[in-house]
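Below is one structure, written out as structure tokens; the observations come after it.
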Amino acid sequence: MIKTIIAIGGGEIGRIKVYEDGHREQKPIETMVIDKKIIELTGKTNPKLVFIGAASGDNPRYFEAIFDHFGTRLGCHTENLILTDLTKIPNIEDIRKTILGADIVYVGGGCVTRLMNALKKTGTDKVLIEAYDKGIIMSGNSAGGCVWYESYDNEEEDDFDSNNIDTLKTKPALGLVRGYFIPHWNTKPENGDVKGSVSRNSIRKMLAKENKWGYAVDEGAAIMVQTNGDKQVMTNIISKPGAGVYKLNQDTQNIRVDNNIQR
Numbered sequence: 061m062i063k064t065i066i067a068i069g070g071g072e073i074g075r076i077k078v079y080e081d082g083h084r085e086q087k088p089i090e091t092m093v094i095d096k097k098i099i100e101l102t103g104k105t106n107p108k109l110v111f112i113g114a115a116s117g118d119n120p121r122y123f124e125a126i127f128d129h130f131g132t133r134l135g136c137h138t139e140n141l142i143l144t145d146l147t148k149i150p151n152i153e154d155i156r157k158t159i160l161g162a163d164i165v166y167v168g169g170g171c172v173t174r175l176m177n178a179l180k181k182t183g184t185d186k187v188l189i190e191a192y193d194k195g196i197i198m199s200g201n202s203a204g205g206c207v208w209y210e211s212y213d214n215e216e217e218d219d220f221d222s223n224n225i226d227t228l229k230t231k232p233a234l235g236l237v238r239g240y241f242i243p244h245w246n247t248k249p250e251n252g253d254v255k256g257s258v259s260r261n262s263i264r265k266m267l268a269k270e271n272k273w274g275y276a277v278d279e280g281a282a283i284m285v286q287t288n289g290d291k292q293v294m295t296n297i298i299s300k301p302g303a304g305v306y307k308l309n310q311d312t313q314n315i316r317v318d319n320n321i322q323r
């Protein structure tokens, strides 16, 4: 049995942004090639997709965008699994029933630590691992890409001080894929540090200090990891022209990985 994870580095899905003055803006669709691949892997025309939006605090507008994109546009049966609203969190048996009854699990973006805390508090972390072992397609965008790897960093948290880069450190995620994962690589500056967008050099130095390695992924790109027994194949899926995936090594270098599925 093949077990699959698709970790996306970010990118719009055609959501509608509503501004304070009431006008609406249609965002582009930057992940279509990736999203179609996720659906194709199920072997179904209308697969069931369960969305986990805990990283965004279960923002209802996020699920509306997921429903419009994966449901209306791409034909999935979509379900929203709420994990942060105490009045709406299902019990663990209902969580298991929802996730294990899905063809696709799609984890949305936001704060990775908020996501990890919600997964652990509700027991969903263990259910996701069970679903992965059963061959359900596991996927996610931005924070939802980080969650599958061994580690991510704390750049969005209160214990990160941009005036003291030594406070930048890795934190453990679910650990289904080896290494560290950083999304939105193409939006990050080469130098200079602020919360939510630490520089590429600081990330390289952090990995060197901790003797770790990992992957940096641009918006509009993804890493697909497929495991079958002892064999693991990693493939890049590129949806946005010019987007890429990079290997970050302990020697602070980054190397573009070019085994791509192109448009």
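Sequence positions in the sequence shown follow the numbering used here and run 61 to 323.
Even for Gly, the Cβ is constructed at its ideal location relative to N, Cα and C.
Keep in mind it's a predicted model, so treat the numbers as computed, not measured.
Query, Result
"Residue from N151, T184, K180, E153 with nearest C-alpha to V165", "T184"
"I102, buried or exposed, once every other Cβ within 10 Å from all chains shown has been counted against 16", "First, the residue type needs correcting, since residue 102 is Thr and not Ile in the sequence shown. That one is buried."
"Which of helix, strand or coil DSSP assigns to T287", "strand"
"DSSP beta-bridge partners of V293", "Q286"
"Whole-angstrom distance between I197 and T64, CA atom to CA atom", "5 Å"
"Pair within 8 Å by beta-carbon distance, E210 and G239", "yes"
"Option nearest V187 by Cα separation, candidates I155, I283, T91, E217", "I155"
"Cβ-based burial, Y79 [other Cβ within 10 Å; buried from 16]", "exposed"
"H137, DSSP secondary structure in three states", "strand"
"Identified DSSP bridge partners for M198", "I65, V165"
"Spatial neighbours of E215 in its chain, beta-carbon cut-off 7 Å, leaving aside the 5 residues before and after", "L228, K255, G256, V258"
"For K104 and G341, the rounded distance between their alpha carbons", "Lying before the first or after the last residue shown, residue 341 is absent from the chain, which here runs from 61 to 323."
"Spatial neighbours of N288 in its chain, beta-carbon cut-off 6 Å, leaving aside the 5 residues before and after", "I62"
"Spatial distance of A115 from D221 (CA atoms)", "21 Å"
"Span of the alpha helix (DSSP H), counted from its first residue to its last, around R174", "172-182"
"N106, DSSP secondary structure in three states", "coil"
"CB contact flag (A67, A276, <8 Å)", "no"
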